[in-house]
Structure formats: structure tokens, C-alpha cells
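Enquirer: Under this note's numbering, the first residue of the sequence shown is numbered -8, with each subsequent residue one higher.
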Amino acid sequence: MSDRENKSRERQDHIEEFIKNQVRERNLDERTIKAYRLDLEHLYLWFGESGVDYPDSRAVERYLKYLSTERKLRTSTIIRKYRVFCCYMEYLFRQGSSAPGPAILPPALPKLPDCEKTQDNVLSKAEIDAFFIAINREYENLDNDFRRRVCLRDNVMMELLFYHGIEISELLRLELSDYERETGILSIPGKRKKQRCVRLFSKKLKDKMEQWLCVHAYFEKKDAYSNYLFLSKIGKPLSMEMVIRIFDKYRILAGIEKESTPKDLKRSMKRYAQELMMERCS
């Protein structure tokens, strides 16, 4: 095996060991694992094309700048990749990896162009209102009971993301036993086996959750999955991709042109509250 092949194999081993470490420590979902692997593989690919032998902090800074100025990726995407690279370099340092040149330290995030900083995919109050109006309007106009149940499920999920800031991976792990119907308290299984509790403060949301629980049996096709709070049409747990498609459907119906994601919906509550307060004070 050539030196180049040995280096490639060694790098791939580093990536896989790092991912296993992160799965143990942070209980990552499959979508996040895939994103970590792609981020690091693309980093090493750029290193190879640029003649870089090892991921020291200066090389990673150059790569981040390349993503911003030449690839013109969104600020949020670059920051996400930056965090992955920081974790990876810290992992290599803990493993005692010896690199030539500068010490392995987390890179500094390069200064991003001003035009990138102005991009904002967090939804405004008007957009949030339009988003939920689109869901409610579809629910009212549907004449098929099964489709109304699916729409009800989607409504509950989107409101949990927005009103209570639940992570999508947490949403997908919820089980029927995590919700206490009498008190409206939801126990959310987080990372590293930690749990937190939130109380559904909206009576409308609690009513919708109750309606959803009453029709949950219609989605229970397989006993192995019937304990999941949110199920697909064929009775299996929903995937991250499905949640993204559901969000995109109503984003488009609401006429929202931003390339927002369900994560942006989760992050929009603070802005919504600020704009609501400004409306009331004006």
C-alpha cells in the first residue's frame, strides 16, 4: 500500500473513531452523524487539493475562509462546520496525535463578508403567523379524515418546535409515556440521557395534543413502534427528512421565500416575542 493510501486510510480511521466518540458522548442521530462525516471528508479533500498534510489551526482557518469567499456558503452553515472542526481537533489533541508544525488548537472563525452576515433565515412574526395560518387552513379545508389526522400531527409537531424550542432529534425520540395528559407536562429525552420537562402553556396546543393522542391508534401499524409519540402514515417513527419536508410544505403554502429550516422555526420564538412587544408598545 502506498504512502498516499496509508494516509487516506489513517484519516478515515480518525474520522470514524471521532464519530464513535461523539455518538457515545452526545447521543447523535443518524442525520448529524452523516453531516459530521461529510464535513470532515470534504475538509480532508480540500487539504489534499491544497497540499496540506495535517489539519492544524491555520489550515482549517484557510478552509473556512474558502467556504465563505469562494463557495459562498451561508454564515450558519460555516459556523456549524466550524464547530465540528473544533470538536475534531480537540479530539485529536486528546488522543495525543502528533502533528508537524503548529499545535492542534481549535481554529479561529475567519471574518465573514458583511453580505453573509445580513442573511437571516429566522422567521418574522408575520411569517410565523402566515405559517400556522397555512396549516390551520389546510386542516379546516380537508374532507378526508385520515389526511386531517396527518395535518393535526404536523400541526402539533410544528407548534412544539416553535413554542417550546424542542430539538428535532428530541421531537423524533418522544414516546407516548413522555407526555402526562392531566398536567400537560412533556418529559423531553435529551443528549447524554438527560431529561428536561416543559409544560404546554397554550390551551390550544394542549387540546390539539389531546386530539392527536385520541387518533394515535390509527397510525399504529407495528407494535415495535406504537410507543412513539409521532408516527408516519405507515406506522414507523418519522425521520429528520420527513420533518423537513413537512416544514417546507407549509413554508411554501405560507408564501415564505426564505430558505428556512425547522431549526429556524425553533429559533424564531425570541424574534416573534420582540416584534409582538414592539407592536403592543407602538
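Virtual Cβ for every residue (Gly too), placed ideally from N, Cα, C.
The structure displayed is predicted, hence computed values, not measured ones.
Does the structure place the segment 223 to 238 close enough to the segment 248 to 264 that three or more beta carbon pairs sit under 8 Å?
Expert: Because the criterion of three Cβ pairs below 8 Å is met, the segment 248 to 264 and the segment 223 to 238 touch.
Enquirer: So does L163 have its beta carbon nearer than 7 Å to some heavy atom of the ligand SAM?
Expert: Absent from the structure shown: the ligand SAM. Ligands present: none.
Enquirer: So, are the CB atoms of L196 and Y154 less than 8 Å apart?
Expert: Within the sequence shown, residue 196 is the residue found at index 205, counting from 1. Within the sequence shown, residue 154 is the residue found at index 163, counting from 1. Contact flag set, yes.
Enquirer: Report buried or exposed for K199, applying the criterion of at least 16 other Cβ atoms within 10 angstroms of its Cβ.
Expert: Start at 1 with the first residue of the sequence shown, and residue 199 comes out as number 208. When all chains shown are included, K199 counts as buried.
Enquirer: In the segment 27 to 69, which residue ranges form an unbroken alpha helix (DSSP H) of at least 4 residues, counting only runs that do not cross its ends?
Expert: As far as the segment 27 to 69 is concerned, its whole alpha helix (DSSP H) runs of at least 4 residues are 48 to 60.
Enquirer: Give me the Cβ distance between E303 and I243, rounded to the nearest whole Å; I'm assuming they're in contact under 8 Å.
Expert: The requested residue 303 does not occur in the structure, where the chain is confined to residues -8 to 273.
Enquirer: Give me the Cβ distance between L143 and L256, rounded to the nearest whole Å; I'm assuming they're in contact under 8 Å.
Expert: Within the sequence shown, numbered from 1, the residue matching residue 143 stands at position 152. Within the sequence shown, numbered from 1, the residue matching residue 256 stands at position 265. Contact flag wrong, Cβ pair sits at about 18 Å.
Enquirer: With three or more beta-carbon pairs closer than 8 Å as the criterion, would you say the segment 162 to 170 touches the segment 216 to 228?
Expert: The answer is yes - the segment 216 to 228 touches the segment 162 to 170, with three or more Cβ pairs under 8 Å.
Enquirer: Residues in the same chain with beta-carbon distance under 7 Å from E266, minus the five sequence neighbours each way, listed in chain order, please.
Expert: Locating residue 266 in the sequence shown gives position 275, where the first residue counts as 1. Here the set comprises S115, K116.
Enquirer: Touching or not, the segment 25 to 33 and the segment 71 to 89, by the rule of three or more beta carbon pairs under 8 Å?
Expert: With the cut-off at 8 Å, the segment 25 to 33 and the segment 71 to 89 touch.
Enquirer: Sorted by chain position, which residues of the same chain lie with C-beta nearer than 8 Å to A121's C-beta, five sequence neighbours on each side aside?
Expert: What you label residue 121 is simply residue 130 of the sequence shown in a count that begins at 1. Correct list, in chain order: A245, G246, I247.
Enquirer: Under the assumption that Y209 contacts R139 (Cβ atoms under 8 Å), give the Cβ distance between them as a whole number of angstroms.
Expert: Counted from its first residue, the sequence shown places residue 209 at position 218. Counted from its first residue, the sequence shown places residue 139 at position 148. 11 Å between Cβ atoms; not a contact.
Enquirer: Counting along the chain, where does the alpha helix (DSSP H) carrying I159 start and finish?
Expert: For the purposes of this step, residue 159 is taken as residue 168 along the sequence shown, with counting starting at 1. That run of the alpha helix (DSSP H) goes 159 to 164.
Enquirer: Assign C272 to buried or exposed, taking buried as 16 or more other Cβ atoms, counted over all protein chains shown, within 10 Å of its Cβ.
Expert: Here the question's residue 272 lines up with position 281 in the sequence shown. So C272 ends up on the exposed side.
Enquirer: What is the DSSP secondary structure of I176, counted as helix, strand or coil?
Expert: Counting from 1 along the sequence shown, the entry for residue 176 is found at position 185. The answer is strand: DSSP assigns I176 an E or B state.
Enquirer: So what's E118 in DSSP terms, helix, strand or just coil?
Expert: The sequence position of residue 118 within the sequence shown is 127, counting from 1. Of the three classes helix, strand and coil, the one that applies to E118 here is helix, per DSSP.
Enquirer: Please classify N132: is it buried, with 16 or more other beta-carbons within 10 angstroms of its beta-carbon, or exposed?
Expert: As a working mapping, residue 132 is identified with position 141 in the sequence shown. Answer is exposed; the Cβ neighbour count stays below 16.
Enquirer: Does the separation of the CB atoms of R187 and I179 fall below 8 Å?
Expert: Here residue 187 refers to the residue found at position 196 of the sequence shown. Here residue 179 refers to the residue found at position 188 of the sequence shown. Against a cut-off of 8 Å, the Cβ pair of I179 and R187 comes out as a contact.
Enquirer: So what's P91 in DSSP terms, helix, strand or just coil?
Expert: The residue you call residue 91 lines up with position 100 of the sequence shown. With a pLDDT of only 40 at P91, under the threshold of 50, the placement of this residue in the model should not be trusted, and no figure is reported.
Enquirer: Under three-state DSSP, which class holds D105?
Expert: Working through the sequence shown from its first residue, we reach residue 105 at position 114. A caution first: D105 carries a pLDDT of 48, below 50, which makes its placement in the model unreliable, though a value can still be read off. Three-state DSSP puts D105 in a helix.
Enquirer: Could you give the residue range of the alpha helix (DSSP H) that holds R144?
Expert: Indexing the sequence shown from 1 puts residue 144 at position 153. First-last of the alpha helix (DSSP H) with R144: 136 to 155.
Enquirer: Taking only three categories from DSSP, how would you classify Y216?
Expert: Locating residue 216 in the sequence shown gives position 225, counting from the first residue. Coil at Y216, not helix or strand.
Enquirer: Report yes if the C-beta distance between N112 and Y130 is below 8 Å; otherwise report no.
Expert: Along the sequence shown, read from residue 1 onward, the residue named residue 112 stands at position 121. Along the sequence shown, read from residue 1 onward, the residue named residue 130 stands at position 139. Contact: no.
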